[in-house]
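Q: Quick one: the structure is below, and I'll ask about it shortly.
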Amino acid sequence: AVGQSINRWRWDFGDAGTDTIPDPEHLYAAAGTYHVKLYVYSDKGCISDTMTRTTVVNPLPTVAFANSSPVCETKEITFTDQSQPNAGTLTNRHWNFADGNTADPASAAPLTHTFAAAGTYNVKLAVQSDKGCKSDTLTQAVIVRSQPKANFILPEVCLNDSYAQFVDSSYIGDGTDSSFIYAWHFGDPNATAPNPNTAALKNPIHKYTAVGDYTASVKVTSIHGCVDSIARIFTVN
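Its first residue numbered 1175, the sequence shown is counted upward by one per residue in the numbering used here.
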């Protein structure tokens, strides 16, 4: 009113919260539609009409992600964003892989990342919706396992020898080589059931029945599912 000034405010935020300052801030505990009311007092004790406005409080996005397995050093790992906007759509994502690398993809399409060394990495993801709502940051520990290195010593063999001896020399940085699973292939087109073309031993033997060059290979799988393989050519004299 003319000749009067406002000296008291009364806010009702529609969730049982109130305040008495001119420009308050208020934190809503839950998403929803709230009817916010305001009336004021003048220095003469006069009370205004009550103004009511509707405020929509949007929910925070729910952040979640998963990664492929096994997780092995120097190998690509796929990370899949499983976050939900809860209102609107997700427009921004921020990944932190805890190894000095980050990513800010616009879409939820799976992305790949390679860790250079074994260890535990606290991978983080935060997302934001088109409502301007930002999720909390989700942190998940990703254990990156050592990658085996497959190798073997080639046999020196003549056709009349009883057998060719293959000697495994594979290794792994975490010292779990005693748990390796082996898959050998001797590359012998003349192999028969009593003298098979494959083996699962650490140091297998195989009898070749013809002179020539052969490609032998071994695939090594670690206790944590990390895989490496190698193929090498040698000659039966």
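We treat Cβ as the ideally placed atom computed from N, Cα and C, and that holds for glycine. Note that the coordinates shown come from a computational prediction; the quantities given were computed from them, not determined experimentally.
Decide if the stretch 1217 to 1225 is in contact with the stretch 1292 to 1310; the criterion is three or more beta carbon pairs, one per stretch, under 8 angstroms apart.
A: Segments in contact, no.
Q: Which residue or residues does DSSP assign as beta-bridge partners of N1413?
A: With the chain represented from 1175 up to 1411, any question about residue 1413 goes unanswered, as that position is not in the structure.
Q: Relative to the C-alpha of K1211, which candidate in W1183, T1236 and A1390 has its C-alpha closest?
A: Closest by alpha carbon: W1183.
Q: Quick check on the burial criterion: 16 or more other C-beta atoms within 10 angstroms. Buried or exposed for P1378?
A: P1378 comes out buried.
Q: K1381 to L1333, Cα distance in whole Å?
A: Cα-Cα distance, rounded: 9 angstroms.
Q: Which residue spans inside the stretch 1206 to 1231 form an unbroken beta strand (DSSP E) run of at least 3?
A: Listed in chain order, they are 1206 to 1216 and 1225 to 1231.
Q: To the nearest whole angstrom, what separates the beta carbons of Y1356 and A1338, a pair I think is in contact under 8 angstroms?
A: Incorrect: roughly 16 angstroms between the Cβ atoms, too far for contact.
Q: If the criterion is Cβ atoms closer than 9 angstroms, does the pair N1364 and T1383 meet it?
A: A contact, by the Cβ cut-off of 9 angstroms.
Q: Take A1205 as the anchor and find which of R1406, S1281, G1399 and P1259 has the nearest alpha-carbon.
A: Answer by Cα proximity: P1259.
Q: Measuring straight from C-alpha to C-alpha, what distance separates Y1474 and G1191?
A: For residue 1474 there is no data in the structure shown, the boundaries of the chain being 1175 and 1411.
Q: Of all the options T1286, S1303 and D1278, which has the alpha carbon lying nearest to the alpha carbon of A1261?
A: Nearest C-alpha to A1261: S1303.
Q: Is it the case that the Cβ atoms of R1319 and E1250 are separated by a distance below 9 angstroms?
A: Taking 9 angstroms as the Cβ cut-off, R1319 and E1250 do not qualify as a contacting pair.
Q: Starting from the Cα of P1322, find the closest Cα among V1237, V1392, D1197 and N1181 and give me that residue.
A: That would be V1392, whose Cα lies nearest to the Cα of P1322.
Q: Roughly how many angstroms separate the alpha carbons of T1229 and A1283, rounded to a whole number?
A: Those two C-alpha atoms are separated by around 34 angstroms.
Q: Does the beta carbon of A1324 fall short of 8 angstroms from some heavy atom of the ligand ADP?
A: Summarising the ligand content, the structure contains no ligands, and the ligand ADP is consequently not present.
Q: Hey, could you find the ends of the beta strand (DSSP E) F1253 is sitting in?
A: Residues E1250 to D1255.
Q: Buried or exposed, going by whether 16 or more other CB atoms sit within 10 Å of the CB of V1301?
A: When all chains shown are included, V1301 counts as buried.
Q: State the DSSP-derived secondary structure class of D1387, mapped to helix, strand or coil.
A: If DSSP states are grouped into helix, strand and coil, D1387 belongs with the strands.
Q: Which residue from D1217, T1311, P1370 and A1390 puts its Cα closest to that of F1360?
A: Nearest C-alpha to F1360: A1390.
Q: Would you report the Cα separation of V1394 and P1329, rounded to the nearest angstrom?
A: So the alpha carbons of these two residues sit roughly 19 angstroms apart.
Q: Give the range of the beta strand (DSSP E) segment to which A1357 is assigned.
A: A1357 -> beta strand (DSSP E) spans I1355 to H1359.
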